[in-house]
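A.B. asks: Okay, handing you the structure first.
In our numbering, the protein residues as written are 9 to 136.
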């Protein structure tokens with residue numbers, strides 16, 4: 009099970025790093041490792057120690073628990089299928105990351121309005 013957890017933490021690390029628009033080199037410099045180490049963390053080849061996880065959470069401005077989000081007993085089967093399935097690749101797409109970055113650059117009110125618009129558009133496709 010440790011390997012699945014390492015892969016999950018690596019995916020969360022990659023997702024957050026990309027969301028912030030950081031390169032592996034930039035993140036590595038912030039936490040004092042080489043970019044190859046970040047690569048190994050992101051693919052789950054190397055385990056992330058508790059102290060390094062703390063440094064990464066500080067650098068990526070998220071609580072340590074962020075890396076474990078979605079890793080419940082019920083989600084472990086989904087985690088295995090996400091490794092090879094379409095669901096995990098959705099957040100790796102440039103289009104998705106661009107949309108998320110643009111969304112978080114908006115103020116709170118425009119973000120709410122955009123979210124409402126997206127939900128209403130989704131409702132229209134469901135009704136059709």
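The beta carbon of each residue, even a glycine, is placed where N, CA and C say it ideally should be.
By the three-class DSSP mapping on this structure, what secondary structure does residue 36 have?
C.D. replies: By 1-based counting over the chain shown, the position of residue 36 is 28. Three-state result, residue 36: helix.
A.B. asks: Closest to residue 50 by C-alpha separation, out of 14, 114 and 123, would be which residue?
C.D. replies: The count along the chain shown starts at 1 and reaches residue 50 at position 42. For residue 50, the nearest C-alpha among the options comes from 14.
A.B. asks: Express the C-alpha separation of residue 18 and residue 59 in angstroms, rounding to a whole number.
C.D. replies: One-based indexing of the chain shown puts residue 59 at position 51. One-based indexing of the chain shown puts residue 18 at position 10. Answer to the nearest angstrom: the Cα atoms are 15 Å apart.
A.B. asks: Just reading off the alpha helix (DSSP H) that residue 110 is part of, what are its end residues?
C.D. replies: Against the chain shown, residue 110 aligns to sequence position 102. Unbroken alpha helix (DSSP H) run through residue 110: 102-113.
A.B. asks: Identify whether residue 18 lies in helix, strand or coil by the three-state DSSP scheme.
C.D. replies: By 1-based counting over the chain shown, the position of residue 18 is 10. DSSP places residue 18 in helix when its eight states are reduced to three.
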